[in-house]
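A.B. asks: Sending over a structure as structure tokens; questions will come in a sec.
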Amino acid sequence: MNVVRLSNVKVRYRGGEGLKNVNLLVRNGEFVFLVGPSGAGKSTVLRLIYMAERPADGQVVVGQFNSNAITPKEVPFLRRQLGIIFQDFKLLEDRSVYENVAFTLQVTGAKRKDVKRKVLRALTNVGLSHKRYKMPHELSGGEQQRVAIARALVNDPFILLADEPTGNLDPVTTQGIMALLEKINARGTAVLMATHNYSLFESRPSPRKRVVRIENGMTST
Ligand SMILES: Nc1ncnc2c1ncn2[C@@H]1O[C@H](COP(=O)(O)OP(=O)(O)O)[C@@H](O)[C@H]1O
Ligand SMILES: [Mg+2]
């Protein structure tokens with residue numbers, strides 16, 4: 006089963022390069038690295054997948070959703086089936102670790118007991134349940150990214166999108182985050198990770214992993 010497919014996708018930006026021709030397939034349970042230099046179009050590809058952006062041409066299919074057919078009302082339903090993490094973590098600074106992970110469940114009206122069970126499970130998976138009462142600024146960068154990963158996983162997404170997830174982290178912390186993403190992937194969640202750092206793929210080979218290259222808004226494998 007395919008979880009994500011971009012076919013002949015073009016995106017135009019006034020003044021910028023945009024995407025010229027992007028083709029990308031992520032199958033169930035795969036770990037795909039989207040690798041290319043800064044400005045190549047990696048973040049744009051991820052924005053297309055969570056449908057913050059629409060292609061000018063071509064088609065983006067994510068789970069049961071299609072960029073040519075999805076309505077604005079359906080976009081939040083799509084997002085709830087995805088996990089997304091970023092280089093700068095994007096945690097809510099005035100809320101505790103627990104509240105950061107609970108937030109998306111609470112806004113969708115989940116029962117308190119279910120929220121608690123799911124949040125503690127997600128925090129345990131990233132090794133941080135003991136820090137649930139801390140505030141983000143009390144954590145290291147690597148711990149903050151783990152909280153962001155717990156938040157991304159709390160809805161059991163079929164794919165985790167990661168945009169330069171180790172871009173702000175030192176090499177040792179980076180290896181810990183990569184190992185965590187591998188563990189999540191081994192449990193069945195597909196991972197699509199955008200990075201300019203090809204060595205992150207090379208240094209930790211695995212049969213589940215694959216590289217798609219992007220340069221100047223065009224993919225090649
Ligand atoms: N909002 C925008 N407006 C204009 N140009 C943009 C915008 N976002 C990205 N671009 C351009 O699109 C191209 C791809 O950008 P991006 O997807 O951020 O690349 P990457 O994540 O690989 O560094 C670049 O040429 C960039 O300048
Ligand atoms: Mg980027």
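All the letters of the sequence shown, read from the start, carry residue numbers 6 to 226 under this note's numbering. Every residue gets a Cβ at the ideal spot worked out from N, C-alpha and C, and that includes glycine.
Put Asn26 into one of helix, strand or coil per three-state DSSP.
C.D. replies: Taking the sequence shown and counting its residues from 1, one reaches residue 26 at position 21. Residue state, collapsed to three classes: strand.
A.B. asks: In its own chain, which residues sit with a C-beta less than 7 Å from the C-beta of Asp175, not counting the 5 before and 5 after it?
C.D. replies: Your numbering for residue 175 matches position 170 in the sequence shown. Nothing listed; no residue qualifies.
A.B. asks: Does the stretch 12–29 come close enough to the stretch 180–191 to have 3 or more Cβ pairs within less than 8 Å?
C.D. replies: Counting Cβ pairs under 8 Å, fewer than three are found: no touch.
A.B. asks: Do Glu169 and ligand 2 come close, with the Cβ less than 7 Å from some heavy atom?
C.D. replies: As a first step, residue 169 must be located in the sequence shown, where it is residue number 164. Yes; taking the cut-off as 7 Å, the Cβ of Glu169 has a heavy atom of ligand 2 nearer than that.
A.B. asks: Report, in whole angstroms, the separation of the C-beta atoms of His142 and Glu98, which I expect to be a contact under 8 Å.
C.D. replies: As a position in the sequence shown, residue 142 is number 137, starting the count at 1. As a position in the sequence shown, residue 98 is number 93, starting the count at 1. His142 to Glu98, Cβ: 7 Å. Contact.
A.B. asks: Which residues bound the alpha helix (DSSP H) around Asn130?
C.D. replies: Position 125 of the sequence shown, counted from the first residue, corresponds to residue 130. Here the alpha helix (DSSP H) through Asn130 covers 117–130.
A.B. asks: From which residue to which residue does the alpha helix (DSSP H) around Glu104 run?
C.D. replies: Within the sequence shown, the letter at position 99 stands for residue 104. Residues 102–112.
A.B. asks: Phe163 by DSSP, collapsed to three states: which one?
C.D. replies: Sequence index remark: in the sequence shown, residue 163 carries index 158 (1-based). Three-state result, Phe163: coil.
A.B. asks: Quick check on DSSP: helix, strand or coil for Phe206?
C.D. replies: For the purposes of this step, residue 206 is taken as the residue at position 201 of the sequence shown. In this structure, Phe206 counts as helix in the three-state DSSP scheme.
A.B. asks: For Phe91, which residues of its own chain have a beta-carbon under 7 Å away from its beta-carbon, when the five flanking residues on both sides are left out?
C.D. replies: Looking up residue 91 in the sequence shown gives position 86. Answer for Phe91: Asp168, listed in chain order.
A.B. asks: Check whether the stretch 127–140 and the stretch 64–73 are in contact - that is, three or more C-beta pairs closer than 8 Å.
C.D. replies: Segments in contact, no.
A.B. asks: Based on Cα-Cα distance, which residue from Lys95, Lys15, Ala45 lies nearest to Gln64?
C.D. replies: Numbered from 1 along the sequence shown, position 59 holds the residue referred to as residue 64. Residue Lys15 is the option with its Cα nearest to Gln64.
A.B. asks: Considering only the beta carbon of each residue, do Gly41 and Ile219 sit closer than 8 Å?
C.D. replies: Numbered from its first residue, the sequence shown carries residue 41 at position 36. Numbered from its first residue, the sequence shown carries residue 219 at position 214. Yes. Within cutoff.
A.B. asks: Run through DSSP, which three-state label would Ala45 get?
C.D. replies: Mapped onto the sequence shown, residue 45 falls at position 40. Looking at Ala45 - three-state DSSP - the assignment turns out to be coil, as it is neither helix nor strand.
A.B. asks: Applying the 10 Å Cβ sphere with the 16-neighbour rule, what's the burial state of Ala184?
C.D. replies: Residue numbering aside, residue 184 sits at position 179 when the sequence shown is read from its first letter. Counting Cβ neighbours within 10 Å, Ala184 comes out exposed, since fewer than 16 surround it.
A.B. asks: Which residue comes first and which comes last in the beta strand (DSSP E) that contains Phe94?
C.D. replies: As a first step, residue 94 is located in the sequence shown; it is residue number 89 there, counting from the start. Neither: Phe94 is in no beta strand (DSSP E) and is coded neither H nor E.
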